[in-house]
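For any residue, its number in the numbering used here is found by taking its place in the sequence shown, counting from 1, and adding 1290.
Glycine included, every Cβ here is placed at the ideal spot set by N, Cα and C.
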Amino acid sequence: MAADEQADIVVVGGINTDFLVQGPRLPAPGDNVRGHLFLESLGGKGANGAVGAARLGARVALVGRVGMDARGLALLEQLEGEGVDVGAVARDSGELTGVVLEMVDEAGRSQTLCAPGANRCMTVEDVMRAEERLSAARVLLAQLEVPLEVVSAAVHIARAAGSRVVLDPAPAMDLPEDLLEAVHVIRPNAREAEALTGVEVRDRDSARRAAENLLRRGVGGAVVASPGGSLVLSSEEELWLPDVALERADTTGAGDAFCAALAVALAEGKSLPEAARFAHEASALATLRLGALAGLPNREQVEARLARLGPSGTWPEPAPHH
Ligand code: RIB
């Protein structure tokens, strides 16, 4: 998007370089496993969310922090190349750009270790400098890879300006009630839902209990990802979106793709169930490629899958590969 344009979506969150190695299995402590593939890419839930939304056609601005190192500069250039406004990304002279080491096995299971670097130095002032962008946007998308007071400040500015707030509560932690009350839609995975609610999410029923807990605490709507599917709940409706059976290469970034697509659809005025269906397909597509960034789909890919859904809005079994 051009620098003088207003963003539809402002993302406040983490920016990392992801270093990924794929091998036959994940190492146990003390193990030394020989992998067969290495990938270095732009990552971080904030950056992935911003790129994910931009690929789906939204005008997007990112608020975050990278280091003064070469990696930070390269990531900013890459974000700009994806059409993301990075005018509100600060550069930190005392910390390196965030790094994530990710290991993926052949079944697509992964484990990650993160050095947040500049992400953890983000301040409320960084958010205040982006106040104009935040107030003009239709949707704020935030995650929890930057300090909580930063997320809170952004959420309260967005709320005061009448924007909608989508929160991806990752990585998992409990959250203060005043933050939850200000969120329109929250999208935890099973682990994050348990950290927030104490409910162990194993299936549709337990996902509903976690979602009900979040709604009681003031969240407008919840999409809880659980084994087998995602439960969408608001005061008006409940929807169950069964997992789409695809040959997954890597599930890393699937949540980022979901939240980005949800934010885009909500910014376009879609209802929560419609937005969740759109996001569910985007998230399924994101698992087909190795690495979070590579899998983020574009608009045509998501629309093509939606056009092939059955009348009930879900895939007839078995789900087609695409
Ligand atoms: O959600 C995936 C992202 O989480 C990766 O890109 C990694 O950087 C971590 O932040």
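Review point. N1409 by DSSP, collapsed to three states: which one?
Key: Position 119 of the sequence shown, counting from 1, holds the residue named residue 1409. Three-state result, N1409: helix.
Point to revise | Buried versus exposed, by CB contacts within 10 Å (16 or more), P1478 | key: Numbered from 1 along the sequence shown, position 188 holds the residue referred to as residue 1478. Buried, because 16 or more other Cβ atoms sit within 10 Å of the Cβ of P1478.
Practice item. Check whether the Cβ of N1409 lies closer than 6 Å to any heavy atom of ligand 1, and answer yes or no. Key: Translated into positions along the sequence shown, residue 1409 becomes position 119. No, the Cβ of N1409 stays beyond 6 Å of every heavy atom of ligand 1.
Point to revise | Counterpart residues of C1404 in DSSP-defined beta bridges | key: The residue you call residue 1404 lines up with position 114 of the sequence shown. C1404 is bridged to V1390.
Point to revise | Counterpart residues of N1306 in DSSP-defined beta bridges | key: In the sequence shown, the residue the question calls residue 1306 occupies position 16. Paired residues: G1333 and G1388.
**Study point:** Cβ pair A1550, G1339 closer than 7 Å
**Key:** Position 260 of the sequence shown, counted from the start, is the residue given in the question as residue 1550. Position 49 of the sequence shown, counted from the start, is the residue given in the question as residue 1339. Contact flag set, yes.
Review point. Which one of E1421, P1461 and P1459 has the shortest CA to CA distance from R1449?
Key: Position 159 of the sequence shown holds residue 1449. Comparing Cα-Cα distances from R1449 to each of E1421, P1461 and P1459, the minimum goes to E1421.
Review point. Thinking just about the alpha-carbon of each residue, which of N1306, A1553 and D1540 is nearest to the one in G1648?
Key: The chain is shown only over 1291 to 1612; residue 1648 falls outside these bounds and no answer can be derived.
Check your understanding: What first and last residue would you give for the alpha helix (DSSP H) that runs through P1563?
Key -> Working through the sequence shown from its first residue, we reach residue 1563 at position 273. Run containing P1563: L1562 to A1576, per the alpha helix (DSSP H) assignment.
Exercise for review: Under 7 Å Cβ to Cβ from L1457, same chain only, skipping five residues before and after it: list those, please.
Suggested key: The count along the sequence shown starts at 1 and reaches residue 1457 at position 167. Only A1432, V1473 and I1476 meet the Cβ criterion.
Exercise for review: Could you tell me which of G1511, G1581, E1571 and D1416 sits nearest to E1593, measuring between CA atoms?
Suggested key: Against the sequence shown, residue 1593 aligns to sequence position 303. For the residues G1511, G1581, E1571 and D1416, the minimum Cα distance to E1593 belongs to E1571.
Check your understanding: What's the gap between the Cα of S1561 and the Cα of V1509?
Key -> Mapped onto the sequence shown, residue 1561 falls at position 271. Mapped onto the sequence shown, residue 1509 falls at position 219. Cα to Cα, S1561 sits roughly 16 Å from V1509.
Check your understanding: Are the region 1434-1443 and the region 1314-1323 touching by the rule of at least three beta carbon pairs closer than 8 Å?
Key -> no
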